[in-house]
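Asker: If you count by our numbering, then the sequence shown holds residues 62 to 351, one letter each, in order. Ideal Cβ placement from N, Cα and C applies to all residues, glycine included. Since we're looking at a predicted model, the values are computed, not measured.
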Amino acid sequence: MLVGIKEIQNQITSVISTKKITKAMEMVAISKMRKTEERMRLGRPYCEIIKKVIQHVVKGSVEYKHCYLENRDIKRIGIIIISTDRGLCGSLNTNLFKQVLLKMKEFMYINVPCDLILFGLKSLSVFKLYGSSILSKVTNIGENPDLSRLIGSIQIILEKYQNNKIDKIFIAYNKFHNKMSQYPIINQLLPLSPEKNTLNKEKWDYLYEPESKLILDTLFDRYIESQIYQSVLENIASEQAARMVAMKTATDNSGSRIKELQLIYNKVRQANITQELTEIIAGASAVSVD
């Protein structure tokens, strides 16, 4: 029994140490979440405005038809997957990967292969196992991502689209809703099409200076870059929020486990004392009889 008490004491000490670690990680995640959430929210207005501009251009009677506006027969698709580099953020990555695999299976059923662009170490470790066609990868993105590190991978998949080697591009990431809620989302990036709520019979045109081709090429490229970069920011904010919740849950569970172990420790200790008293009484009785 004494050995049992020692083991329980060791378990309590171990869980207390774990609780301290998870509490510290929770506080770090809270601090990082505030910074990443602010950065993500600051990027949303630009992203929304350029999206509205693109929707107007798509609806307009533009003489120069950009390849990003062409609807083609789908022979091959591309998916940009944005995940985290580190774990300990609950089921954030798992839920995203499930949605991506379902999307890939949808196209596999109609014999449409898929090329992947991977942002984040977790997506690389998972989709390598599936033997997926990986065009490019970027890891160790950090809390404040540098767009210049992402541009190379973005250009790879855009060039394939421009050369008709990919006919449709999707982007998959975790959308930040609030501190307690983040959800996986898969959006079609290319080809561009008018949103349903903006469809009407209105048609208009624009005057371009110097020329529509130059302006639209630049505008569409900035649009794609902004959408991808904003998605990365959304995913980073989601990661920190999910890690905060996961670490808080781990801390609470550690506290509950410590209480359980202390209760077991007290019961074992009481049983040991009772047994020792019984043995003393029995020994005293034996001596008095002699």
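Give me the Cβ distance between I66 and L322, rounded to the nearest whole Å; I'm assuming they're in contact under 8 Å.
Answerer: I66 to L322, Cβ: 11 Å. No contact.
Asker: With distances taken from CA atoms, which of Q160, E131, E99 is nearest N248?
Answerer: Cα-wise, what sits closest to N248 is Q160.
Asker: Run through DSSP, which three-state label would Q70 get?
Answerer: If DSSP states are grouped into helix, strand and coil, Q70 belongs with the helices.
Asker: Do K136 and V187 have their CB atoms nearer than 8 Å?
Answerer: Against a cut-off of 8 Å, the Cβ pair of V187 and K136 comes out as no contact.
Asker: Classify S315 as buried or exposed, calling it buried when 16 or more other Cβ atoms lie within 10 Å of its own Cβ.
Answerer: When all chains shown are included, S315 counts as buried.
Asker: Can you tell me whether DSSP reads L322 as helix, strand or coil?
Answerer: Three-state DSSP puts L322 in a helix.
Asker: I215 to M305, Cα distance in whole Å?
Answerer: One C-alpha to the other measures close to 30 Å.
Asker: Give the straight-line distance between the Cα atoms of S292 and A332, rounded to the nearest whole angstrom.
Answerer: Distance between the alpha carbons of S292 and A332: 59 Å.
Asker: Take I82 as the anchor and find which of T339, I341, A307, I334 has the nearest alpha-carbon.
Answerer: Nearest C-alpha to I82: A307.
Asker: Do you know offhand how far D176's Cα is from T155's?
Answerer: Whole-angstrom Cα-Cα distance: 20 Å.
Asker: Rounded C-beta distance between K80 and I319? I'm assuming under 8 Å.
Answerer: Yes, K80 and I319 are in contact; Cβ-Cβ is about 7 Å, under 8 Å.
Asker: Using CA atoms only, rank isn't needed, just tell me which of T312, S299, K309, L250 is closest to I138.
Answerer: With distances taken between Cα atoms, I138 lies closest to L250.
Asker: Between I69, S75, C108, which has its C-alpha nearest L294's C-alpha?
Answerer: Per the Cα distances, C108.
Asker: Here's the rule I'm using: 16 or more other beta-carbon atoms within 10 Å means buried, otherwise exposed. How should L153 be labelled?
Answerer: L153 comes out buried.
Asker: Under 7 Å Cβ to Cβ from S287, same chain only, skipping five residues before and after it: list those, please.
Answerer: Contacts found: Y107, C108, I111.
Asker: Closest to R283 by C-alpha separation, out of L208, I297, L324, Q243, would be which residue?
Answerer: R283 has its Cα closest to that of L208, out of L208, I297, L324, Q243.
Asker: Mapping DSSP to helix, strand and coil, what is D278?
Answerer: It is helical.
Asker: Do you know how far the Cα of A298 is from the Cα of E98?
Answerer: Roughly 5 Å between the two C-alpha positions.
Asker: So, at 8 Å on beta carbons, what are the nonlocal neighbours of I227 in its own chain, with the 5 sequence-adjacent residues on each side left out?
Answerer: If we look at I227 and ignore the five residues flanking it on each side, its Cβ neighbours are R137, I138, G139, D176, I218, K221.
Asker: Helix, strand or coil for L63, going by three-state DSSP, please let me know.
Answerer: Low confidence applies to L63: its pLDDT is 48, below 50, so where it sits in the model is not reliable, and the reading given next is rough at best. Helix.
Asker: Quick test of your reading: D146 and K183, contact by CB under 8 Å. State the CB separation rounded to the nearest angstrom.
Answerer: Rounded, the Cβ-Cβ distance is 7 Å, consistent with contact.
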